[in-house]
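Chains as they are written, first to last, in this note's numbering: chain A, 3 to 156; chain B, 77 to 470. Everything on this sheet refers to the single structure shown next.
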């Protein structure tokens, strides 16, 4: 079975110029931030936004560089990070998005998508075509649901 | 006296855990606590480190320093240099090279130490401690151009320090192995250049090989085993051929980071398991502290601390002048770069095992002493500087 048979094509996405406030408003009714793809004008996937990248903007500019440097351990209190009301308009998705994208192709087998999710510890992955155009999103529940359907449970 | 190495490891880990909790309250870095624990458990004092473990510190230090070098290689990528910027990179290079040169020249010409020993001491002194800078800036919510410059510098400068150290150690071991030092200067230099070139080649070849088979990785566990396997391969090949473990591991990391889109995952997987290795590594470094050597070398240690401070201040000043950085960076960056920790100790431990003579012990002991001093005063100096330049608002 292929990814395209299980993926969802109806996806909430944002542009790189969307403001932080716009982004937060858009997802205010969600309990957990879904995978939010960022696309350019040609619908090419250029990044994703997740909860961790939202917190990154409150940290010093260079803090991402220290993620894998030995001995750097920082305990932080997310309520104590530095914020200002102006951030809502000044910060845009382009400042926030994670450019390290793990994606799958629509023609990939479902088990490959499942393995990728396990390997990269993600619950959802963007689905793209050969040119990098965003086609949809596949989540771990989409795969589980297909599997139950195969077994005639649903 | 404990003979069983596993029992000794158990005691070290539990005491290390308890001590790191304790010192956290006193705001002392964990590394200092581990080194102190090593001193306390060393044969001189409580004698709780088993002889097998102490003899195996060569094994641990090769693996741990290989891991450190590999991780530091991650930041030698075009992406990071673009983020950090040309100016900051320039300052970081001079702030690493000038203290190294200053210490080498003074130790060699004024203190009359052998040239290659002075070179190794100088290279070790160029290392800084990113952890202190990150923790202080975060704790006091330091914000501004100076803070960004400081963090940019410490994100890449330990890589320069490791390169300087790799080069120096390669020259030093060529000198010590050639026996008659006077006759073998040119031969030693040629030999070390070849070794350095080959170390880079090993790193690069393994990185290419690594990239070829990543498609076989299916699980998170696979990824860790795969990464460790290739890293051990590099460390093993280079150490058995007497090439530079540091340079090849760092180059391996750098090539991987520039060529593989998901390389951050491989670097990240090592972070899951590095904490216990670092603990044992620093305890063993501390256990090698020899009070007799240190008392004899007290004057040299004080000189080293002073020269390193002068070198860092001069180096940052020159770098900042060349790239026309703001006055605050020219004036104060050197002071903010004083903290020194893991990388310096790791290099000193490697130097001890590579040189395998009394000079090795001497280097390790003065490095431990100077590191402890810099680790204890470093955070205060960094905070003082950040307040002075106005990045910490009080």
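A virtual CB, placed ideally from N, CA and C, is assigned to each residue, including glycine.
Report task. Could you pull out every residue in the same chain whose Cβ sits closer than 6 Å to the Cβ of residue 393 of chain B, ignoring the five residues on either side in sequence? Result -> Mapped onto the second chain, residue 393 of chain B falls at position 317. Closer than 6 Å at Cβ, skipping near neighbours: 406.
Query raised in the report: Near residue 176 of chain B, which residues of its chain fall below 6 Å by C-beta distance, leaving aside the five closest residues on each side in sequence?
Result: For the purposes of this step, residue 176 of chain B is taken as the residue at position 100 of the second chain. If we look at residue 176 of chain B and ignore the five residues flanking it on each side, its Cβ neighbours are 198, 199, 202 and 240.
Query raised in the report: Quick one: which chain A residues come within Cβ less than 9 Å of residue 107 of chain B?
Result: What you label residue 107 of chain B is simply residue 31 of the second chain in a count that begins at 1. Chain A residues near residue 107 of chain B: 73.
Query raised in the report: What are the start and end residues of each continuous alpha helix (DSSP H) run of 4 or more residues lying completely inside the region 361–399 of chain B, in chain order?
Result: Secondary structure remark: continuous alpha helix (DSSP H) runs of at least 4 residues inside the region 361–399 of chain B, in chain order: 367–372 and 374–398.
Query raised in the report: Helix, strand or coil: how does DSSP classify residue 188 of chain B here?
Result: Counting from 1 along the second chain, the entry for residue 188 of chain B is found at position 112. When secondary structure is reduced to three states using DSSP, residue 188 of chain B falls in the coil class, being assigned neither helix nor strand.
Report task. For residue 455 of chain B, count neighbouring Cβ atoms within 10 angstroms of its own Cβ and tell me buried if that reaches 16, exposed if not. Result -> What you label residue 455 of chain B is simply residue 379 of the second chain in a count that begins at 1. Note on residue 455 of chain B: 16 or more other CB atoms within 10 angstroms of its CB, so buried under the neighbour-count rule.
**Report entry** Amino acids of chain A, ordered along the chain, whose beta-carbon sits closer than 8 Å to that of residue 156 of chain B
**Finding:** For the purposes of this step, residue 156 of chain B is identified with residue 80 of the second chain, where counting begins at 1. Chain A residues near residue 156 of chain B: 67.
Query raised in the report: Going by C-alpha distance, which of A:17, A:114 and A:149 is nearest residue 41 of chain A?
Result: Translated into positions along the first chain, residue 41 of chain A becomes position 39. Of A:17, A:114 and A:149, the residue nearest in Cα terms is A:17.
Query raised in the report: Looking at chain B, which residues of the region 110–136 of chain A have a Cβ within less than 9 Å of any of its Cβ atoms?
Result: Listed in chain order, the positions of the region 110–136 of chain A with a beta carbon within less than 9 Å of a beta carbon of chain B are 117, 120, 121, 122 and 123.
Query raised in the report: With C-beta atoms as the reference, is residue 310 of chain B less than 8 Å away from residue 292 of chain B?
Result: Taking the second chain and counting its residues from 1, one reaches residue 310 of chain B at position 234. Taking the second chain and counting its residues from 1, one reaches residue 292 of chain B at position 216. In this structure, the beta-carbon distance from residue 310 of chain B to residue 292 of chain B does not fall below 8 Å.
Query raised in the report: So, helix, strand or coil for residue 49 of chain A, using DSSP?
Result: What you label residue 49 of chain A is simply residue 47 of the first chain in a count that begins at 1. Looking at residue 49 of chain A - three-state DSSP - the assignment turns out to be strand.
Query raised in the report: If residue 224 of chain B and residue 206 of chain B are in contact, beta carbons under 8 Å, what's the gap, nearest whole angstrom?
Result: For this step, residue 224 of chain B is matched to residue 148 along the second chain. For this step, residue 206 of chain B is matched to residue 130 along the second chain. Actually they are not in contact, since the Cβ atoms of residue 224 of chain B and residue 206 of chain B sit about 14 Å apart, beyond 8 Å.
Query raised in the report: What does residue 104 of chain A touch in chain B if you count any residue whose Cβ is under 8 Å from its own?
Result: If you number the first chain from 1, residue 104 of chain A lands on position 102. Near residue 104 of chain A (Cβ distances below 8 Å), the residues of chain B are 338.
Query raised in the report: Going by DSSP, what residues sit across from residue 126 of chain A in a beta bridge?
Result: Your numbering for residue 126 of chain A matches position 124 in the first chain. Under DSSP, residue 126 of chain A shares a beta bridge with A:141.
**Report entry** Delimiting residues of the alpha helix (DSSP H) encompassing residue 173 of chain B
**Finding:** Within the second chain, the letter at position 97 stands for residue 173 of chain B. In this chain, the alpha helix (DSSP H) harbouring residue 173 of chain B covers 162–181.
Requested in this report: State whether the region 327–345 of chain B contacts the region 127–137 of chain B, with contact taken as three or more CB pairs (one from each stretch) at a distance under 8 Å.
Outcome: Cβ pair count under 8 Å is below three, so no.
Query raised in the report: Going by beta carbon distance, what residues of the same chain come within less than 8 Å of residue 121 of chain B, once the five residues before and after it are set aside?
Result: Here residue 121 of chain B refers to the residue found at position 45 of the second chain. Correct list, in chain order: 115.
Requested in this report: Could you name the residues of the same chain whose beta carbon sits closer than 8 Å to that of residue 10 of chain A, not counting the 5 residues immediately before and after it, in chain order?
Outcome: As a first step, residue 10 of chain A is located in the first chain; it is residue number 8 there, counting from the start. The residues are 138, 139, 140, 141 and 144.
Requested in this report: Please list the partners that residue 294 of chain B has in chain A, where partner means a Cβ-to-Cβ separation under 7 Å.
Outcome: Residue mapping note: residue 294 of chain B aligns to position 218 of the second chain, counting from 1. Near residue 294 of chain B (Cβ distances below 7 Å), the residues of chain A are 117 and 121.
Query raised in the report: Quick one: complete alpha helix (DSSP H) runs, 4+ long, within the region 97–121 of chain A?
Result: Within the region 97–121 of chain A, the complete alpha helix (DSSP H) runs of at least 4 residues are 112–121.
Query raised in the report: What does residue 206 of chain B touch in chain A if you count any residue whose Cβ is under 7 Å from its own?
Result: The count along the second chain starts at 1 and reaches residue 206 of chain B at position 130. Within 7 Å Cβ-Cβ: 68, 71 and 74.
Requested in this report: Examine chain A for any beta-carbon lying closer than 8 Å to the beta-carbon of residue 147 of chain B, and answer yes or no.
Outcome: Working through the second chain from its first residue, we reach residue 147 of chain B at position 71. Residue 147 of chain B counts as touching chain A.
Query raised in the report: By Cβ distance, which residues of its chain are closer than 6 Å to residue 172 of chain B, with the 5 residues on each side in sequence left out?
Result: Residue mapping note: residue 172 of chain B aligns to position 96 of the second chain, counting from 1. If we look at residue 172 of chain B and ignore the five residues flanking it on each side, its Cβ neighbours are 202, 233, 236 and 237.
Requested in this report: Please state whether DSSP places residue 10 of chain A in a helix, a strand or coil.
Outcome: Here residue 10 of chain A corresponds to residue number 8 of the first chain, with the count starting at 1. Reduced to three states, the DSSP call for residue 10 of chain A is strand.
Query raised in the report: Under a Cβ-count criterion, where at least 16 other Cβ atoms within 10 Å of its own Cβ denotes burial, should residue 434 of chain B be classed as buried or exposed?
Result: Along the second chain, read from residue 1 onward, the residue named residue 434 of chain B stands at position 358. Exposed, because fewer than 16 other Cβ atoms sit within 10 Å of the Cβ of residue 434 of chain B.
Query raised in the report: residue 84 of chain B CB to nearest chain D CB: under 8 Å?
Result: In the displayed structure, chain D is absent; the protein chains listed are A and B.
Requested in this report: Please compile the residues from chain A whose C-beta is within a distance smaller than 8 Å of the C-beta of residue 424 of chain B.
Outcome: Position 348 of the second chain, counted from the first residue, corresponds to residue 424 of chain B. Chain-order list of chain A residues neighbouring residue 424 of chain B: empty, with the shortest C-beta distance near 15 Å, by a criterion of under 8 Å.
**Report entry** N-terminal and C-terminal residue of the alpha helix (DSSP H) that residue 39 of chain A is part of
**Finding:** On the first chain, position 37 is the one that residue 39 of chain A refers to. Premise fails: residue 39 of chain A lies in the beta strand (DSSP E), 38–41, not in any alpha helix (DSSP H).
Query raised in the report: Grouping DSSP H, G and I as helix and E and B as strand, with all else coil, what is residue 468 of chain B?
Result: Looking up residue 468 of chain B in the second chain gives position 392. In the structure shown, the three-state DSSP call for residue 468 of chain B is coil.
Query raised in the report: Are the region 92–103 of chain A and the region 317–326 of chain B in contact at 8 Å, needing three or more beta carbon pairs?
Result: No, the region 92–103 of chain A is not in contact with the region 317–326 of chain B.
Query raised in the report: For residue 7 of chain A, is the classification buried or exposed, using 16 other Cβ atoms within 10 angstroms of its Cβ as the cut-off for buried?
Result: If you number the first chain from 1, residue 7 of chain A lands on position 5. When all chains shown are included, residue 7 of chain A counts as exposed.
Query raised in the report: Using CA coordinates, which residue listed in B:284, B:125, B:139 and B:378 is at the minimum distance from residue 179 of chain B?
Result: The residue given as residue 179 of chain B occupies position 103 in the second chain. In terms of Cα proximity to residue 179 of chain B, the closest of B:284, B:125, B:139 and B:378 is B:378.
Report task. Quick one: which residues of the region 330–364 of chain B get their C-beta closer than 8 Å to a C-beta of chain A? List them in chain order. Result -> Result list: 337, 338, 340, 341, 343, 344, 346, 347, 350 and 354.
Requested in this report: Closer than 8 Å, Cβ to Cβ, to anything on chain A: give me those residues from the region 120–154 of chain B, in chain order.
Outcome: Going along the region 120–154 of chain B in chain order, one finds 143, 144, 147, 148, 150 and 151 with a Cβ nearer than 8 Å to chain A.
Query raised in the report: Name the chain A residues that come within less than 8 Å of residue 396 of chain B, Cβ to Cβ?
Result: For the purposes of this step, residue 396 of chain B is identified with residue 320 of the second chain, where counting begins at 1. Chain-ordered listing is empty here: chain A has no CB closer than 8 Å to the CB of residue 396 of chain B, the nearest sitting near 17 Å.
Requested in this report: Specify the secondary structure class of residue 136 of chain A as computed by DSSP and reduced to three states.
Outcome: Translated into positions along the first chain, residue 136 of chain A becomes position 134. Residue 136 of chain A carries a strand assignment under DSSP once its states are collapsed to helix, strand and coil.
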